[in-house]
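What follows is a set of notes on a single structure, which appears directly below.
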């Protein structure tokens, strides 16, 4: 029902047409390529190893089920038909189902052009409407200043810290917990 549904379109002069749409099963290959390129880049994401095809198939299938059950909004970002990002908000479980957990990944080639901000606003609005969440939370590595600044620009505020919450090849970093109240 939601597979492939477009929720936003805009043009970035330096990039071309940007489309934000719901996830489809056909996104397995391009999402695997995107995630593995982020691992190769050493991006500040939770994955440190490449993702295999079957693992990606299982992940996409699981997210599609959650979308159809009204538990998750999972969007894909395309520039001129090429998948360059993915973003989501997943509603928490009973008792905390007014809270949504946010995530986003963008290819290096589209960062710095406003794509992240517009994509974040789209997924949060979609989550507000479809999931009826009142609070959106995220975790970000303190070392990821670019992401922290983006999240602040969209209205997220730091509400907590996990000291040395992530340890990667270049050392440990605190993890910041940020929230945005929607109501």
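Residue numbers (this note's numbering): 899 to 1081. Heads up, the beta-carbon is just placed ideally off N, CA and C, and yes, glycines get one too.
{"query": "Cutoff 7 Å; reference residue 1028; Cβ partners in own chain excluding five residues on either side", "result": "968, 971"}
{"query": "Start-end ranges of the alpha helix (DSSP H) lying completely within the stretch 1001-1045, minimum 4 residues", "result": "1013-1029"}
{"query": "Any non-hydrogen atom of the ligand COA within 7 Å of residue 1078 CB", "result": "Inclusion of the ligand COA in the displayed structure is not the case, the ligand content being empty and no account of it being possible."}
{"query": "Every unbroken alpha helix (DSSP H) within the stretch 920-1003, with a cutoff of 4 residues, ordered by chain", "result": "926-939, 951-966"}
{"query": "Rounded C-alpha distance that separates residue 1059 from residue 1075", "result": "6 Å"}
{"query": "Residue(s) in a DSSP beta bridge with residue 1067", "result": "Answer by DSSP bridge pairing: none, since residue 1067 is not bridged."}
{"query": "8 Å contact criterion, which residue 1020 and residue 918 should meet: CB distance rounded", "result": "5 Å"}
{"query": "Pairwise C-alpha distance: residue 1061 and residue 905", "result": "37 Å"}
{"query": "Residues sharing a beta bridge with residue 908, DSSP", "result": "916"}
{"query": "Contact under 8 Å by Cβ, residue 900 with residue 930", "result": "no"}
{"query": "Cβ contact check for the stretch 1006-1022 and the stretch 988-996: 3 or more pairs under 8 Å", "result": "no"}
{"query": "Straight-line gap, residue 928 to residue 964 (C-alpha atoms, nearest Å)", "result": "20 Å"}
{"query": "Nearest to residue 983 (by Cα), restricted to the options 1017, 959, 1034, 1043", "result": "1017"}
{"query": "Coil, strand or helix - residue 1078 by DSSP", "result": "strand"}
{"query": "Beta carbon of residue 958 nearer than 8 Å to that of residue 933", "result": "no"}
{"query": "Residue 1079 versus 981, 1013, 998, 978, residue with shortest Cα-Cα distance", "result": "998"}
{"query": "Proximity below 8 Å, CB of residue 925 to CB of residue 975", "result": "no"}
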